[in-house]
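*Asks:* Sharing a structure, written as structure tokens. Questions coming.
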Amino acid sequence: MARKGGRRLHQPSHEFKNRPFRQRLGFALAGIRAVWRLENSFRAQVALAAGAILLFALLGVGPLWWALAILCIGLVLAGELANSAVEALVDHLHPEQHPEIGKVKDMLAGMVLVLSIVAALVALLAVVSVCLYTSRDQEYPIHGARLFADSCVAKT
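For this note's numbering, add 363 to where a residue sits in the sequence shown, where the first one is 1.
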């Protein structure tokens, strides 16, 4: 193996490793397109995300809620991508039904469910926050809640 400055240079062990960024980006986008075409659940999650974005825009939520929403949307969609990828791989490698494979698929579905519930709770809390605490004269029951609420509601 070649050396440079006393260090061994890592040689790619596979012809598809260390491709240019643009090519790797193309592979990633092809994967997203494939999941979009094949998985109803991914399209449903994208529709729900679009609805949440529209709701947040109409309500005028503050930057903190936007950051949480973007994080949740990204996690849910990434979870759907991972779930779909593992399911496709397992179905290809082991087309017959097997109880252990079923457990793995159920666990992945559970992951997406947990992420979706957390995202829904964040959306619910954002709506409640905007609806309850938009008045500047509102008294907050918890010390420091005024600062938190002010950071969650967009300034007009």
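Built from N, CA and C at the ideal position, the CB exists for glycine as well.
#1: Using only the alpha-carbon positions, how far apart do Ile395 and His457 sit?
#2: Excluding sequence positions up to five away, which residues of its chain have a Cβ less than 7 Å from the Cβ of Gln408?
#3: Using 8 Å for Cβ pairs, my map puts Val449 next to Leu476. What's the rounded Cβ distance?
#4: Below 8 Å on the Cβ atoms is my contact criterion, and I expect Val481 with Cys435 to pass it. Report the Cβ-Cβ distance as a whole number of Å.
#5: For Ser447, which residues from the same chain have a beta carbon less than 6 Å from its beta carbon, with the 5 sequence-adjacent residues on both sides left out?
#6: With Val485 and Leu417 assumed to form a contact (beta carbons below 8 Å), what rounded beta-carbon distance in angstroms separates them?
#7: Please list the terminal residues of the continuous alpha helix (DSSP H) segment that includes Glu459.
#8: Compare the Cα-Cα distances from Val491 to each of Phe405, Trp428 and Phe384 and report the closest residue.
#9: Gly414: buried (16+ other C-beta within 10 angstroms of its C-beta) or exposed?
*Replies:* Let's see:
#1: For the purposes of this step, residue 395 is identified with residue 32 of the sequence shown, where counting begins at 1. For the purposes of this step, residue 457 is identified with residue 94 of the sequence shown, where counting begins at 1. Distance between Ile395 and His457, taken at the CA atoms: about 23 Å.
#2: The count along the sequence shown starts at 1 and reaches residue 408 at position 45. Short of 7 Å from the beta carbon of Gln408, and not among the five residues preceding or following it, lie these beta carbons of its own chain, in chain order: Val439, Leu440 and Glu443.
#3: Counting from one through the sequence shown, the residue named residue 449 turns up at place 86. Counting from one through the sequence shown, the residue named residue 476 turns up at place 113. Taking the Cβ atoms as the reference, Val449 lies roughly 15 Å from Leu476, outside the contact range of under 8 Å.
#4: By one-based count along the sequence shown, residue 481 stands at place 118. By one-based count along the sequence shown, residue 435 stands at place 72. Rounded, the Cβ-Cβ distance is 6 Å, consistent with contact.
#5: As a position in the sequence shown, residue 447 is number 84, starting the count at 1. Same-chain partners within the cutoff: Val398 and Glu402.
#6: Stepping through the sequence shown from its first residue, residue 485 is reached at position 122. Stepping through the sequence shown from its first residue, residue 417 is reached at position 54. At roughly 16 Å, the Cβ-Cβ gap does not stay under 8 Å, so Val485 and Leu417 are not in contact.
#7: On the sequence shown, residue 459 is found 96 positions in, with the first residue counted as 1. From DSSP, Glu459 is part of no alpha helix (DSSP H); its letter is neither H nor E.
#8: Numbered from its first residue, the sequence shown carries residue 491 at position 128. Restricting attention to Phe405, Trp428 and Phe384, the CA atom closest to the CA of Val491 is found in Trp428.
#9: Within the sequence shown, the letter at position 51 stands for residue 414. The residue is exposed, with fewer than 16 neighbouring Cβ atoms inside 10 Å.
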